[in-house]
Amino acid sequence: MDFYAAQFLTGLASAASLFLVASGLSLIFGVTRIVNFAHGAFYMAGAYLAYTLTERLSGPFGYWVGLVLAALLTAGIGALVEVLLLRRVYKAPELFQLLATFGVTLMAEDLVVLVWGPDDLIGGRAPGLEGGVLLFGQRIPAYDLFLIALGPAVLGALWLILHRTRFGVLVRAATEDREMVAALGVDQKWLFTGVFALGVFLAGLGGALQLPRDAVNHAMDLSVIVEAFVVVVIGGLGSVLGAFVAAVLVAELNAFGILILPGVSLVLAFLVMAAVLVVRPHGLFGREEPAPRAVGLPARLWRPLGRTAGTLALLAVAACALLPLVAGPYALAVAAEIALFALFALSLQFLMSVGGLVSFGHAAFFGLGAYGAAFAVQAGLPMPAALPAGALLAALGAVAAGWFAVRLSGVYLAMLTLAFAQILWSTAFQWVALTGGDNGILGLWPSGLAGTPAGFYLLTLALLAAGLVALRRLAFAPYGYALRAARDAPARAAAVGIDVGRIRWMAFVAAGAAAGLAGALFAFLKGSVFPDTLAIPLSIDALVMVLLGGVGTVSGALIGAVAYKSAAVWLMRETDLSKLVLGALIVVLVVAFPRGIAGTLADLFARRRRA
Amino acid sequence: MRHLRLAALLILGLAGHQAQAQEPILIGEINSYSTLPAFTEPYRKGWQLALGEVNAAGGRPIEVVSRDDGGKPAQALTAANELVAREGVALLMGTFFSNVGLAVADYAKRRNVFFLAAEPLTDAITLSQGNPETFRLRPSNSMQAAMLAEEAAKLPAKRWASIAPNYEYGQSAVAVFKQILVEKRPDVEWVAAQWPPQGKLDAGPVIQAIAAAKPEAILNVTFGADLAKLVREGETRGLFEGRSVVSFLTGEPEYLEPLGDEAPEGWIVTGYPWYAIDTPAHEAFLEAYEKAYGEHPKLGSVVGYTTMKAAAAILARAGSTDTGALIKAAEGIGVDSPFGPIVFRAVDHQSTLGAFVGRTAIKDGNGVMVDFAYRDGADYLPDEAEVKELRPAD
């Protein structure tokens, strides 16, 4: 019994660290609707700054001052990012701010290595709390007890701020109804900056408080951001109390789960999230969001390509098909990679732009396609059969994921797809007998004509063109109109007899199959499949390509994919600081093209025609 | 500094390809520079040092085209393809992660390019997934497990527990260690196992779960930030008191140094005690390295240095850049490493580079290895019959 009590206490300490980060994320989302991908980067910055400050400031007093100063400095950096970057893109379509924070995250990972060096840094222990305290027959670190007390203290302080200060009242009002608060004459600008800084302060504090127990390193951000987001979603977006309860839930389930299944940490948080979302579609303490007002709608009505534009598109494809005449084998392989990623991005765009369904786990279908193709090859099938096999497996996955997902909406839906992808990822990772685990499946090289760089490129290009045509036709078919009706006004769509859930489900399957085809091509391009085809970074890549291209367009992802992928490949070649440059590039593009590259260009074009 | 600047020029590819009296041989190099700078920075310095020495010795000059793989197999393949198809390199070398190494090895087989894997530890790269084009420098996972299991068998402990990262490296390290230990000590039982995700160790609950099983000895395979968390939390919670700990890689400066005065004491580890190896070969290397960079080498430096020396030796012996000739030259070739002479075996293309096994201690506020001995890799490699069974026929 004693042991279980001690394990419970230990779980509470883990929960406290998780809560600090998650509460900040939740606050920021609640008010500004920003999916702050950079929250992990701020957590990391807090830890690095705390390291430097505690090394400089001497004495026990200096140590604690250093931790708090680090959090304050991080909050200052956060406020700066908000004022200089995010303010410029609040008017952009939903989720576009995510792209900006993603750029900041990429930069941060390289910047901390440049500033603090590549080695892990071990900070000093917390003065006064170095040792352990005997409790329940186990020695519990005094620092853990401090964290256990700190969690509820921060929760209480946040409650006081939110309920007993004018700032808090405004924050709650803005969480409830942003437009109304603005209409009443509240300066939203500084409210947003204040909330963002407060949220980042909590992230920085969370990072700084890891100093006595962790090693400060340049991968800290990724180790925390996804889990923090999961906690926020389980708790209910915007709910600080929810974040607290969810952090305790996840940490305790982990502490006791590993006693039965020692490998469960890999996927536990996602399993919990999936289970919670199936039962409670808005998290434990979240409330149903008011129906979105017509703000995310495309600026112009979509039209199928006219004769001129259609001819131009055909010419463009023809020009691309001539590439083998001038390009060498390496350039062709890169071009094939860009083309298949364009297909992948287009499939997500269909889901996001036409269906209004955001997926944070689109790699699930890409990876299923890749593994489907690999299994088919292992079963002795040739490439022409393995490609559709990959697409089929992905479509089946989409049938399963879509069935659960279409019951949800907004970020909850997006996070459920992420959970689906992560569960698949950990399956591929763990099921070594089937997938080879992280050593992957090798030797999938195509033979014959498709085995030549030019042949493979032309095949990929042809499938991209076919996928593009198919997805566009779908978007402009009666089905597509119904899907768009469900996106723009779900209640009215249902009222005129559209089965909203069903047509959304079909959108998942169509997008899943297209992504699966891209994944199957990827398996043959690389001759191998690894679990990272299912992993979060690939899902983010897809999201970045769509947002960069323009979420308000039908096929802007094509341009986003070409721009992002070619920049990424080129930068990897040119510099070890590719993340820094790519991140900066994204930040610049975000500011220059607030509706995405294709979206902004199309706007300009339309305006000129009107003028 | 001369060779440093030269190497920098070579990396940037500014030296160009203009026909000179002797056109240089191009080597394509790939590693996880942006993902694992703590290991790959010293590694890069190591091969740059060796490159300078090789080119200073005369003969046909060697030029290196180096690429970052971002820690991902797919990106490594893009880089490999660029180096082979566009730069026309004579051979590929490098890589850190096992899955990246395997992906590049598979590419090498497909394109019939010579590949010298520097760091990947998985057994598969020379055994179950072995291929004629691929050679590997570092002692494999199994070899290091065997070295540690040999020491572990001497401990009185009978009840063992393991903590290992939840991926192929951790899983196979524990599996091989168990297998070898049980052969020597049939009385050993395993009472607990924890598999935290790599990089995300939640130290408190994991340590309590291990302690609850009351093991007499602990096998640790975590490294990097996870190791730091394990050590700090474990010390506070008294996990290591009265228990023996056997730990993979912990004696490598990359992982031991950051721990400073919190480094664990008395752990049986593999590693690289650069401060106390008094062989002439190592002293010469140490002096040259410190002179070139003003800092001491890490294990990555030795790996980078030796990989480059081996590549140069293979090129010199082959006398051509034809892949078949390179494979023939590499099989059975002897190379002088800072750890002493090594041989690349013909049967499985694995080098006989070994590792140092010793105990950790704290000296002047820093973690060090003491009572260590060099274990020659040749003594821990599978014999020919075993290899024939495990490795696909060429």
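Protein chains in written order, with the numbering used here: chain G, 1 to 611; chain A, 612 to 1005. Every residue gets a Cβ at the ideal spot worked out from N, C-alpha and C, and that includes glycine. Remember, it's a predicted structure, so these values are computed and weren't measured experimentally.
Given a cut-off of 8 Å on the beta-carbon distance, is the pair residue i and residue j in contact?
i	j	result
A/Gln790	A/Ala966	no
A/Val958	A/Ala972	no
A/Ala924	A/Ile938	no
G/Arg472	G/Val562	no
A/Pro875	A/Phe983	no
G/Ala465	G/Val317	yes
A/Ala716	A/Gln686	no
A/Asn752	A/Thr706	no
G/Gly78	G/Phe167	no
G/Leu474	G/Leu424	no
G/Gly451	G/Gly103	no
A/Ser931	A/Leu748	no
G/Ile148	G/Leu9	yes
A/Tyr718	G/Gly527	yes
A/Ala775	A/Gln782	yes
G/Ala15	G/Ile140	no
G/Ala401	G/Thr427	no
Identify which residue in the options has its Cα closest to the Cα of residue i.
i	options	result
G/Val81	G/Trp425, G/Glu109, G/Tyr371 and G/Thr105	G/Thr105
A/Gly976	A/Ser739, A/Phe983, A/Arg956 and A/Asp872	A/Asp872
G/Val272	G/Met415, G/Ala363, G/Pro453 and G/Gly355	G/Met415
G/Leu121	G/Thr54, G/Tyr90, G/Met180 and G/Phe19	G/Thr54
G/Ala313	G/Phe96, G/Leu558, G/Leu577 and G/Phe244	G/Leu558
A/Gly810	G/Asp187, G/Gly185, G/Ala142 and G/Leu266	G/Leu266
A/Glu800	A/Pro776, A/Ala820, A/Ala828 and A/Ala814	A/Ala828
A/Asn777	A/Leu702, A/Ser912, A/Asn831 and A/Ala822	A/Asn831
G/Ala364	G/Phe350, G/Ala515 and G/Val496	G/Ala515
G/Leu249	G/Leu18, G/Ser539, G/Val35 and G/Arg609	G/Leu18
G/Leu99	G/Phe605, G/Leu585, G/Leu601 and G/Arg609	G/Leu585
Using DSSP with H/G/I as helix, E/B as strand and the rest coil, what is residue i?
i	result
G/Val295	Below a pLDDT of 50, predicted positions are generally treated as unreliable, and G/Val295, at 41, falls in that range; the measurement from the model is reported next regardless. Correct three-state label for G/Val295: coil.
A/Ile736	helix
A/Gln809	coil
A/Leu850	coil
G/Thr600	helix
A/Gln610	The structure shown does not extend to residue 610 of chain A, since chain A is modelled only from 612 through 1005, so no value can be given for it.
A/Val675	strand
A/Phe726	strand
A/Val998	helix
G/Phe37	coil
Does the beta carbon of residue i come closer than 8 Å to any beta carbon on chain G?
i	result
A/Asn752	no
A/Pro684	yes
A/Asp679	yes
A/Val817	yes
A/Ser709	yes
A/Tyr778	yes
A/Gln961	no
A/Gln805	yes
A/Tyr644	yes
A/Asn977	no
For the beta strand (DSSP E) holding residue i, just list the boundary residues, first then last.
i	result
G/Phe136	Where G/Phe136 is concerned, there is no enclosing beta strand (DSSP E), given that its DSSP letter is neither H nor E.
A/Ala984	Asn977 to Arg986
A/Phe967	Ala966 to Lys974
A/Pro952	Gly951 to Val954
A/Met704	Leu702 to Gly705
At a Cβ threshold of 8 Å, is residue i touching chain A?
i	result
G/Asp119	yes
G/Thr10	yes
G/Phe3	yes
G/Gly131	yes
G/Ile258	yes
May I ask which residues mark the beginning and end of the alpha helix (DSSP H) holding residue i?
i	result
A/Asp717	Ser709 to Arg722
G/Gly103	Phe96 to Trp116
Discussion item. Output needed in chain order: residues of the region 762-792 of chain A with a Cβ under 7 Å from some Cβ in chain C.
Written reply: Here the protein chains are G and A, and chain C is not one of them.
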